[in-house]
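Asks:
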Amino acid sequence: MSSGTEGSTDLAARRPAGGGVDQVRVMAIVLCVILVALVVPPVVILIIRSVSVTNPDATVGGFTLAHYARFFTNPDLYESLFNSVVFSVFSTILALLFGGTLAWLVERTNTRFKGLAYVTTIISMGTPYILYVSAWLFLLGRSGPFNDAWRTLTGSFQPLFDPYSMWGMVLVEGFLWSPLVFLLLSSTFRQANADMEEAARMSGAGVLQTVWSISIKISMPAILALALFVFIRAIEAFEVPLMVGLPGGIDVLTTDVYKSIRETIPPDLGYASAYSVVLLFVVAVLLSFYGRLAKNAGKYSTVTGKGYRPRQFDLGRYRWIGDAMVLFNFLIVLVLPLLALFWLSLLPYMRSIRLEAIAQFSLENFATVLQSSYYRELALHTLVVAASAATAGIVLAFFTGWISARRRTGGQVLDQLATMPLVFPGIVMGVAFMMVFLAVPLPIYGSIWALAIAYTVRYLPYGLRYTYAGVLQIHSELEEAGGVSGATPIQMLRRIVAPLLSPAILSGWLFVFLIASKELAVAALLSNTQSQVVAVGMYDLWRNGQGGELAAFGLIWATVMTCVASLFYFATRDGDRAQAL
Amino acid sequence: MLTLDHLTKIYPARPGEFAGGIRDASIVLKPGAFFTLLGPSGCGKTTTLRCIAGLERPDEGRILVGDEVMFDGASGRSVPLHLRNIGMVFQSYAIWPHMSVFDNVSFPMRVSKARKYSTAEIRKAVGEALDSVGLGGYANRSATQLSGGQQQRVALARAVVHRPKLLLLDEPLSNLDASLREEMRVELKRLQRELGITAVYVTHDQSEALAMSDVIAVIDQGQVVQIGGPREVYFQPATEFVAGFVGHTNILHGTATGPADARGVVAVEVTGGGRVLCRAETPVSGEVAVSIRPENIRLAGEGEATGAAGNAIAGRVASASFLGSIVHYEVEPDQGSAVFRVEGGPGTPFEIGARVAMSFRPEDALALPRST
Ligand SMILES: Nc1ncnc2c1ncn2[C@@H]1O[C@H](COP(=O)(O)OP(=O)(O)OP(=O)(O)O)[C@@H](O)[C@H]1O
Ligand SMILES: [Mg+2]
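Heads up: the sequence lines are chains L and Y, in that order.
As numbered in my numbering, residues 1 to 581 make up the first sequence, in order.
As numbered in my numbering, residues 1001 to 1372 make up the second sequence, in order.
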């Protein structure tokens, strides 16, 4: 390190003069031990449980393949699988079409009201999915304003639209993902070279012809990779299947796992484990495809020459379509859900939007929420858990990222260990950690620290993306200069790498904090009454029909989280926001 | 062939910057002319080109290609860019990476609104275009497998494949390395002459402009300061700026002592001391700049005869660089602070520190209006 050259295999050369211990090696070993301790037990326990008899006291019994046999012969499996695929395919298409079009319009054309698209995205980053889903369910529900208006207009008793259906699920999930698609594709489009489009126009192509044969096709590799990514997340999705699918009787893979633990007495751990192992395998296969696509994503990204200057594509007489699209997004993803939440928060019980209801308006719900210690604890737990997970995760990611980006001994192993949690759908991570914590002789199950540990593992890969890419941007000579000046590796990391990496570290921390504070799937299985977090608390409120308090609490919470999201958005260099993909 | 009539396009100024763009540019080009827009970075060359292309909407003025009005600020008429039938080579080449060479070059014909081309016609035209740029046989290559020079050629083939009336080129050679640039310069000129196409070429490289152009427009801060042939802008620059930008020169600042005499010679009091006799092409008075090309100055050792030249300035050699066929000197004059660049033959070397006399004829010293 102090004298070694990049990529050298001569390990002796890396030893500091004087023959002391090689700090980097010690660091790698310590990291390896920690990562193995965090990442390996969940996998191992799932595999063991899936082939073992579960004793009545929930301990592990003898070997059996009965769980797998039951799993594969269950006729419901194929229905869930089919539902999962339909749900994921269509919500991916919707999210991509909508978010992608929006990103292109905002980044590359002279559409107006662009600011609204960013505002929508930032606020949606800070809002828990549960809250969104509740708001949309209220809007689209039987007594929601749309069905209400329909009934009033037509006099019919049949609602126009039942949100507790496959299409309801697709719609909600699609809109839920569109802000992220927007965020990721907007950086792709922003970096695109405008000359490519102008050259087509100069060659005689019309607007639509240019959009189709140049703009879209050039971005195709990036779009395809993103599509597979969103598809995987939709397969793993939990919030929408839980809140929309379950009441509507539409089961998907993730809700099956949840039901076999939470709605079966006693919890069917063996079956859930077998199910989880299969899901892990499926996601792993999909992710390996994704890895291949993602490598190609930059295939057509062009070096922008000296004459480069961002220019906008003139939509000409189609401009109003762009404007309408941006406004529609603003309305659907931001204004309507917010209005619905305000409406609910001001009323003592959920009721449809009618003028008479205004007489009942009060701030009661807000008062309850602000005074109750229950809500204070929800918020406190969530903040503590998310902050600990983000901090622990980014510290691990810092060292791992540096060792693997600089290709030190053990870097590859560390990198693989730290990215392994990506194959866990949230619900599977919950199942695995539940069994791990039940197996260890410490009273950790049910405490918020159980959540903190599980979240740390779950989001470690995201933190790693930030630090790894960050280290690659630091010229290695800066580090070598530190070594030549006599700094030990630890000093060099502390005095040179850490300060230079601080923007990436901050972005990574904020990103993990944001998504950890929204996490539902893991918490749904790991938290109990003493360790409830916001997402679970909101789900309970929704199930109990306490829409008013849910809305009031949700609005306050979303406001706080939007501040964090704005910090993330503005503190992060462009392009880094997409790092987590 | 191309007419620009009081073309103006000004970008709104950002705080602390001058408003970029082009002001009041007019020119009439003959068919087949090679026209170059020459000027320093940021002077508005690309802006002018993009206005002609239709990529930018001018504020005022008219643009005609042949007899067809492409833009008229007064009537608001503006032909959409994809109907202008103009070929363009972008500075970044803009070769579409997701298409093969054939697909790139055939694109203008496939999307043509004017008429439908048959597959056979397209194949033939693309083949000819690729042959003409020396890329015959490359049609099926993927665009990502091309070197910089080859991309440049594909861009050129794509720009001319549909036989446009006008070819626009924005610094097409600036991304190539020096030797390739030299080669492409010759080739580009050959192609343009063979096709007989009118070309508008943008560059900030004066030697490129001098070597290739029939007509050059020198632009400074959005203003066209001179239009003329290469010899004209080199030998009869209109302003101090043009003299300094086109070729190397020595500039002396001073004050004209009176109007030019019958032979067009005027005497100038040089700021800092001394007096030179100059030629004045345009009437000058008051503050003037005097331009003397390095190759027109003769060096003589102290005490040697300076010949019949009318002006002589004594000085000391500050540096000498041997460049093979010539020696490049910098000479500090005894009076004034400006250092002179002088070119000498290889035969008569002067040592650094040697005292010399610089002499030049009044015809070779040009009095020009001062640029601000
Ligand atoms: N879209 C725009 N908005 C604002 N100012 C612009 C815009 N495009 C160009 N400018 C400004 O107009 C001036 C002229 O730009 P132009 O691109 O024509 O220069 P150029 O002569 O081509 O320079 P270069 O040799 O660097 O390419 C510059 O000062 C530039 O900053
Ligand atoms: Mg330019």
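For each residue, glycine too, the CB sits at the ideal point set by N, CA and C.
Predicted model only: the values in this text are computed from it and were never measured.
Beta-carbon of L/Pro503 versus every beta-carbon of chain Y: anything under 8 Å?
Replies: no
Asks: State buried or exposed for L/Thr572, treating a residue as buried only when at least 16 other CB atoms are found within 10 Å of its CB.
Replies: buried
Asks: What residues in the segment 218 to 240 of chain L have a beta carbon less than 8 Å from any beta carbon of chain Y?
Replies: Taking 8 Å as the Cβ-Cβ cut-off against chain Y, the residues of the segment 218 to 240 of chain L that qualify are Ile218 and Met220.
Asks: Looking at the unbroken alpha helix (DSSP H) that takes in L/Ser124, where does it start and where does it end?
Replies: Lys114 to Gly126
Asks: Identify whether L/Lys518 lies in helix, strand or coil by the three-state DSSP scheme.
Replies: In the three-state DSSP reduction, L/Lys518 falls in the helix class (H, G or I).
Asks: Return helix, strand or coil for Y/Thr1203, following the three-state DSSP convention.
Replies: strand
Asks: Let me check one thing: in DSSP terms, what residues is L/Thr109 bridge-paired to?
Replies: L/Phe313
Asks: Please confirm whether any heavy atom of ligand 1 lies closer than 7 Å to the CB of Y/Tyr1011.
Replies: yes
Asks: With a threshold of 8 Å, are at least 3 pairs of Cβ atoms found where one atom belongs to the segment 166 to 173 of chain L and the other to the segment 145 to 155 of chain L?
Replies: no
Asks: Helix or strand or just coil, what does DSSP make of Y/Leu1180?
Replies: helix
Asks: Less than 7 Å separating the Cβ of Y/Leu1044 from some heavy atom of ligand 1?
Replies: Here residue 1044 of chain Y turns out to be Gly, not Leu, going by the sequence shown. Y/Gly1044 Cβ: within cutoff of ligand 1.
Asks: Please name the residue or residues paired with L/Leu464 in a DSSP beta bridge.
Replies: BP columns for L/Leu464 are empty, so no partner.
Asks: Counting C-beta neighbours from all protein chains within 10 Å, is the total for L/Ser2 16 or more, i.e. buried, or is it exposed?
Replies: With a pLDDT of 40 at L/Ser2, under the threshold of 50, the modelled position of that residue is not reliable, and the figure given next carries that caveat. Burial call: buried.
Asks: With a threshold of 16 other CB atoms inside 10 Å of the CB of Y/Leu1007, please say whether the residue is buried or exposed.
Replies: buried
Asks: Could you tell me the alpha carbon to alpha carbon distance between Y/Ala1230 and Y/Gly1042, rounded to whole angstroms?
Replies: Checking the displayed sequence, the identity of residue 1230 of chain Y turns out to be Pro instead of Ala. Those two C-alpha atoms are separated by around 22 Å.
Asks: Specify the secondary structure class of Y/Lys1375 as computed by DSSP and reduced to three states.
Replies: Outside the displayed span of chain Y (1001 to 1372) sits residue 1375 of chain Y, for which this structure offers no information.
Asks: State yes or no: is the C-beta of Y/His1204 nearer than 7 Å to some heavy atom of ligand 1?
Replies: yes
Asks: Is it true that the segment 1152 to 1169 of chain Y meets the segment 1090 to 1100 of chain Y, where meeting means three or more beta-carbon pairs spaced less than 8 Å apart?
Replies: Taking a cut-off of 8 Å for Cβ pairs, the segment 1152 to 1169 of chain Y and the segment 1090 to 1100 of chain Y touch, as three or more such pairs fall below it.
Asks: Does the separation of the CB atoms of L/Phe231 and L/Thr92 fall below 8 Å?
Replies: yes
Asks: With a threshold of 8 Å between beta-carbons, can Y/Ala1094 be considered close to chain L, or not?
Replies: yes
Asks: Name the chain L residues whose beta carbon is nearer than 8 Å to that of Y/Lys1113?
Replies: Gly204 and Gly206
Asks: Give the single residue among L/Gln191, L/Gly204 and L/Gln312 whose Cα lies nearest to the Cα of Y/Val1161.
Replies: Closest by alpha carbon: L/Gly204.
Asks: Assuming L/Leu46 and L/Ser260 are in contact, meaning their beta carbons sit under 8 Å apart, how far apart are those beta carbons, in whole angstroms?
Replies: Contact doesn't hold; Cβ gap of about 13 Å is too wide.
Asks: L/Leu501 and L/Val471 look like a contact to me (Cβ under 8 Å); what is the Cβ gap, rounded to whole Å?
Replies: 7 Å
Asks: Comparing C-alpha positions only, which one of Y/Leu1055, Y/Asp1103 and Y/Ala1139 sits nearest to Y/Ile1086?
Replies: Ranking the options by Cα distance to Y/Ile1086, first place goes to Y/Leu1055.
Asks: So, is the C-beta of L/Gln312 closer than 8 Å to a C-beta in chain Y?
Replies: no
Asks: Over the uninterrupted beta strand (DSSP E) stretch that includes Y/Glu1060, give me the two end residues.
Replies: Glu1060 to Val1065
Asks: Output needed in chain order: residues of the segment 253 to 274 of chain L with a Cβ under 8 Å from some Cβ in chain Y.
Replies: none
Asks: When you compare the CB positions of Y/Gly1254 and Y/Thr1239, do they come within less than 8 Å of one another, or not?
Replies: no
Asks: Below 7 Å on C-beta distance, what does Y/His1082 contact in chain L?
Replies: Arg201, Gly204, Ala205 and Gly206
Asks: Rounded to a whole number of angstroms, what is the C-alpha to C-alpha distance between Y/Ser1319 and Y/Leu1188?
Replies: Taking the straight line from one Cα to the other gives about 38 Å.
Asks: Check whether the Cβ of L/Gly7 lies closer than 8 Å to any Cβ atom in chain Y.
Replies: Note that L/Gly7 scores 43 on pLDDT, short of 50, meaning its location in the model is unreliable and no value can be drawn from it.
Asks: 8 Å is my cut-off, CB to CB: does L/Ile427 come that close to chain Y?
Replies: no
Asks: Can you name the residues of chain Y whose CB is closer than 8 Å to the CB of L/Ile358?
Replies: Simply none; closest approach about 48 Å.
Asks: Tell me whether L/Glu198, by its Cβ, gets closer than 7 Å to a heavy atom of ligand 2.
Replies: No - ligand 2 has no heavy atom lying nearer than 7 Å to the Cβ of L/Glu198.
Asks: In chain C, which residues lie with their C-beta within 9 Å of the C-beta of L/Gln209?
Replies: In summary, chain C is missing from the structure at hand, where the protein chains are L and Y.
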